[in-house]
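Sequential numbering from 2 applies to the sequence shown in this note's numbering.
Even for Gly, the Cβ is constructed at its ideal location relative to N, Cα and C.
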Amino acid sequence: MMVRDRASAALGMVVEKDEPGEAIVGMTVREDMTNGFAITHGGLVFALADTAFAIACNEDERVTVAAGADITFLKSTRAGQTLTARAVRRTVVGRTGVYDVTVTDETGDVVAEFRGRSLTTNRSAVEPGNATE
């Protein structure tokens with residue numbers, strides 16, 4: 002999945018851990034990732050958390066997508082800082098899962114807390130015409 006994820010690549014995200022139910026993704030904040038107040042744009046913090054969530058919930062050949070997500074921003078960051086998102090599976094019941102993602106800065110301070118809800122589809126990521134194209 003990440004090999005084809007051009008958005009995450011364009012943002013400079015680096016996958017540090019990719020295991021079933023858990024993922025860690027890092028990103029250095031660039032000047033072009035800041036808003037009019039010179040702080041990291043919240044949408045990009047969300048994107049980092051969402052990428053870690055996507056990796057954690059895509060555990061097998063079935064395509065799993067987000068059914069919803071919420072984020073709470075706790076601390077602002079600026080260009081030059083490194084953010085790390087750690088996603089952890091909380092529960093999976095049937096085709097629905099709940100995952101928590103904590104985003105921290107390079108000092109370990111919590112920047113944001115994200116909760117994602119996943120839905121596993123019947124599509125295979127390895128079959129032609131599905132998620133591989």
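A direct Cα-Cα distance of roughly 7 Å separates F115 from A70. For L45, the CB contacts under 7 Å within the same chain, skipping 5 residues up- and downstream, are L12 and M34 in chain order. Boundaries cannot be given for S77, as no beta strand (DSSP E) includes it and DSSP labels it neither H nor E. The C-alpha of V104 lies about 6 Å from the C-alpha of V111. Counting the other CB atoms within 10 Å of its CB gives D51 a total of 16 or more, which places it among the buried residues.
Linking V102 to V89 through their CA atoms gives a straight-line distance of about 6 Å. Secondary structure of E23 (DSSP, three-state): strand. With fewer than 16 other Cβ atoms inside 10 Å of its own Cβ, G109 counts as exposed. By the Cβ neighbour-count rule, R7 is exposed, with fewer than 16 other Cβ atoms within 10 Å of its own. DSSP lists V26 and V104 as the bridge partner or partners of A86.
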